[in-house]
Amino acid sequence: MNETMRGGPGRFKRDDEGSNPARGPSLADIIDAKISRRALLGGLAGAAAGSALGGIGMIGVAHAAPSSLTFAEAAHEIADDHSVAAGYRADVLIRWGDPVLPDAPAFEPGKASPAAQERQFGYNNDYVGFFPLPVGSSNANHGLLVVNHEYTNPELMFPGITEANAATTLTREQCETEMAAHGLSVVEVKKVDGRWRVIEGGRFARRLSFRSTPMAVSGPAAGHPRMRTAADPTGKAVIGTLNNCAGGKTPWGTVLTAEENFHQYFAGDPTKTAEAANLKRVGITGKPNYPWGRHFDRMNVEKEPNEPNRFGWIVEFDPYDPTSLPVKRTALGRFKHEAATVVINPNGRVTVYTGDDERFEYLYRFVSSGRFDPADRAANKTLLDDGVLYVAKFTGSGAVKWIPMVWGEGLLTPSNGFAAQADVLIDCRRAADMLGATKLDRPEDVETNPVTGKVYMMLTNNTNRQPNQVDAPNPRAKNAFGHVIEMVPPGEGAKRDHTASEYAWNVFLLAGDPGKPEHGARYHAETSGSGWLAAPDNCAFDRKGRLWISTDQGSAQAKNGIPDGMYACDTEGAGRALTRFFYACPRAAEMCGPEFTPDGTTLFVAVQHPAESEGSTFDKPATRWPDFKDGMPPRPAIVAITRADGGEIGS
Ligand code: FEO
Ligand code: CA
Ligand code: CA
Ligand code: CA
C-alpha cells in the first residue's frame, strides 16, 4: 500500500499518515543539507565517471547496451492482465482463497467466512520466502513458500461493500474474515515437468492469522507492564500478527515477518489513555481504516491501551515445523517494520537491517551479542533476543553512522521517560528522534548484495518533503518517485563488516521518468523509455549480484501511466543503475515479494491488490485478474516466473 492512495479518512491511506512530529529541519539537518548539495553533485558526477550513474555527458552516446541482463523489456503499459518479458513464462501459482490446509474448502466467490478463510490462502500477499526441502539443502525444485498477507480490501472481497460504506456496514463476521485473511501462509511447492505446483495439504502447510494464532514475546520488552492486557496479564502471549509487509530469512532456516501499519486497525480516543503520546507517535488517531474496534474490545485503545504495544515487531518462526510457536523479537524495536534482512558477519555476529516505512522515519540495524553457529540450529533461534539496536544517521559527507539505542546511555534515560530498555524499544521512534537519526523518504526493503556485500535501501517516496528539508540522502523535495541508496560497509564482498560503526554511502538512482527533466531522475544514461520506474518498494538480488526492484506507485499509477512490476539492473560495471523492465502487474496492483530459487531459475513474485482503485468493487472490479470469469473477483496471487528454456532468470 502506498501513501499516494486517496487521502482523508478513506480506507486506502494505509502506509503513511506521517506521524513524526519533528518536521522542521534540525540544526544537524541544515548543516547536512549544506554539505550534502555539494556532496550530491560531486557524488553523482563521480559515480557517472566511474560507473555511469546518470552522467549527463553520456546521454546520446550510442554503443551496445552495457547491461548484463539480456531479456527484451516487457511492455511498459497498464493492462488488465499481467505480462512478462518475451521468452519467459509467468504462471499463477496460488490465489487468495485457494486451499492451504488439508481440509480447506474450495474458494467460493462472495462467500468468504472466518472458518474457511483460516484454512485458505490469505489476502494481499506481500513477502515471499522460498525455503528449500529438506531443511539445510539448496534444492531449487521443492520447498516451502512462506507468504505474508499484509492487509485486506473488503470492497473487493465482499459483495455490496464499498470504500464509503465499509466502516459502517461490515459485520462482525466480515471483520473476522478480514482478521483471518491477515497473517501468513506456508505452502509446500514442487516443480514437476518444469512447472511449479502447490502440494495441497502438504505436511508443512500452515496458516497464521491475526484472528487466532498464538505467539510468544521475547527480548527486553517481554512481560513489561506496558505489554500486558486483560487477556494476557503476562505480557508475553499475543494472539496474532498484523499487517505483515516484507520480511526476511535467517541462515538458520527461520522466517522473519515484519509487522508494518498496525496503527490503522485501532479505534478509540488515544488522548484518553495513559499511552497517548506513544499512540500518537505511531499514528493511532481514533479514526481507523478498519472498523474492527466496533466489534472487538481489544481493537479499542480506550478499553485496551496496551494492545497496540504488542504489534509493530519482527516476528520469527520456523516454517519447517508447523507446530512452532512464532516469537515477537522485541530487541529489534517497535515501529512500522518493512523488512528484515539478515547478514552473518565475519566474526559470526548477526546483523539485521530493518526500515520504518513512513515519511520522515528511520533505518535501523540490530547486531546480535551471540554468534551464529552453523552446527547449532536450536541455539541460533535465540540470537535475535540479545544484542544492540542502532539507528542510522547519514552525513552529507558520504558516511552513515550507526547510533546505539541503549537504555541509560546518552539521552535514553529516566529523565527523558525511558525507565528501561523496554521503553526504548516500545517507544523506538521517540528514542530515535532524540538521537538525531536521519529522517528518510519512507525506508522500505533493504537487501545485501551477495556478491559485493554492499547494502541497498529502497526509499519509496515522500511528497511531503519541503525544499528546506532536502538533504544528501533525501535529495529531492516533493519526492514523488523515490530513490535507492547504496551503503558500503568496510571490507570486501562477504568479508564486509556489518557491525562497523560507520559505512560509506551514495545515491544509487533517483527514480522517475528521465525523459521529463522536472522529475529530476538519475539512472544510467541508456535507461530506455520502458526501463524507468517509480516508487521502489521491495527488492531481491540474483546469484550474480544484480538488483531486482519491485514497485508500488499506489494511486499514482494512473497518473504516471506505467504499471507496477519488476525491474532489474546491474549494480557494478558498465550497466550500473541501467534498470530494465521485466514483468508488468495487472491493473491497479502493486508488485511485492521478489524471491529467487537458489539456482536462480525461478523468480516468485506477489501480485498485491489487483483492481484496487477508485470505485472498484467486488461487483464491478477494475480487472478480474487472474481468473477473468464473470462473478469471480480479482484475487491477489503468487506468480512463478521461469524461462521458457529453463535457464537462469535474466541470464
Ligand atoms: Fe507495506 Fe511499506 O509497504
Ligand atoms: Ca507496498
Ligand atoms: Ca512494502
Ligand atoms: Ca527483499
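Sequential numbering from 17 applies to the sequence shown in my numbering.
Virtual Cβ for every residue (Gly too), placed ideally from N, Cα, C.
Residue i versus residue j: straight-line alpha-carbon distance, rounded
| i | j | result |
| --- | --- | --- |
| A91 | A81 | 18 Å |
| G545 | E534 | 16 Å |
| W564 | P614 | 15 Å |
| E691 | I442 | The requested residue 691 is not part of the displayed model; the chain covers only 17 to 667. |
| T411 | W418 | 11 Å |
| V416 | A183 | 43 Å |
| V471 | K511 | 13 Å |
| P637 | N140 | 16 Å |
| D114 | L272 | 24 Å |
| V621 | D513 | 31 Å |
| E542 | P626 | 31 Å |
| N155 | L149 | 6 Å |
| E204 | Q136 | 14 Å |
| N305 | N169 | 11 Å |
| V500 | E332 | 27 Å |
| R603 | E518 | 42 Å |
| T289 | V343 | 27 Å |
| V144 | Y336 | 15 Å |
| R219 | P338 | 8 Å |
| R481 | E463 | 25 Å |
| L526 | P459 | 14 Å |
| A283 | G616 | 45 Å |
Strand pairing of residue i, partner residues [DSSP]
| i | result |
| --- | --- |
| F597 | Y583 |
| K207 | W212 |
| V265 | Here residue 265 is Lys; the residue named in the question, Val, does not match the sequence. The partner list for K265 (beta bridge, DSSP) reads V271. |
| A590 | Answer is none; A590 lacks a bridge partner. |
| R365 | R387 |
| G159 | P148, V205 |
| C191 | Paired residues: none, contrary to the question. |
| L379 | G371 |
| T567 | P552 |
| E332 | L272, V343 |
| Q136 | P115 |
Neighbour-count burial assignment, residue i, 16 or more Cβ in a 10 Å radius
| i | result |
| --- | --- |
| G371 | buried |
| P267 | exposed |
| K252 | buried |
| E425 | exposed |
| A556 | buried |
| L341 | exposed |
| D389 | exposed |
| G59 | Confidence at G59 is low in this model, with a pLDDT of 33, below 50, so its placement is unreliable and no value can be given for it. |
| L456 | buried |
| P483 | exposed |
| V208 | exposed |
| P249 | exposed |
| N181 | exposed |
| D45 | Interpretation of D45 is limited by its pLDDT of 40, a score under 50 that renders its predicted location unreliable; the figure taken from the coordinates is listed afterwards. With 16 or more Cβ atoms within 10 Å of its Cβ, D45 is classed as buried. |
| A8 | Residue 8 lies beyond the stretch modelled for the chain, which goes from 17 to 667, so this question has no answer here. |
| K575 | exposed |
| L427 | exposed |
| N532 | Looking at the sequence itself, residue 532 is Lys, so the reference to Asn does not match. Exposed, because fewer than 16 other Cβ atoms sit within 10 Å of the Cβ of K532. |
| P650 | buried |
| R111 | buried |
Residue span of the beta strand (DSSP E) that contains residue i, given as start and end
| i | result |
| --- | --- |
| I177 | No beta strand (DSSP E) contains I177, which DSSP labels as neither H nor E. |
| P130 | Note, P130: premise wrong, no beta strand (DSSP E); alpha helix (DSSP H) at 130-133. |
| D97 | From DSSP, D97 is part of no beta strand (DSSP E); its letter is neither H nor E. |
| Q624 | 618-624 |
| V523 | 518-526 |
| M503 | 499-504 |
| K417 | 415-420 |
| K636 | Segment: none, K636 is in no beta strand (DSSP E) and carries neither H nor E. |
| V440 | From DSSP, V440 is part of no beta strand (DSSP E) but of the alpha helix (DSSP H) over 437-442. |
| R227 | Run containing R227: none; DSSP gives neither H nor E here. |
| K296 | Unbroken run through K296 is the alpha helix (DSSP H), 292-297; no beta strand (DSSP E). |
| A253 | 253-255 |
Test: residue i CB closer than 8 Å to a CB of chain C
| i | result |
| --- | --- |
| N396 | Absent from the structure: chain C. Only one protein chain is present. |
Range of the contiguous alpha helix (DSSP H) that encloses residue i
| i | result |
| --- | --- |
| N576 | 572-576 |
| A656 | Per DSSP, A656 belongs to no alpha helix (DSSP H); it is in the beta strand (DSSP E), 653-659. |
| A395 | 393-396 |
Any non-hydrogen atom of ligand 5 within 7 Å of residue i CB
| i | result |
| --- | --- |
| E275 | In the structure shown, ligand 5 is absent; the only ligands present are ligand 1, ligand 2, ligand 3 and ligand 4. |
_Cβ contact check for the region 348-356 and the region 424-431: 3 or more pairs under 8 Å_ = no
*Is the region 234-254 touching the region 325-339, taking contact as three or more C-beta pairs under 8 Å?*
yes
*Decide yes or no for the touch test of the region 640-648 against the region 113-122: beta carbon pairs closer than 8 Å, at least 3 of them.*
no
*Taking three-plus beta-carbon pairs below 8 Å as touching, is the region 123-137 in contact with the region 586-598?*
no
*For the 8 Å Cβ check, are there 3 or more pairs between the region 571-585 and the region 502-509?*
no
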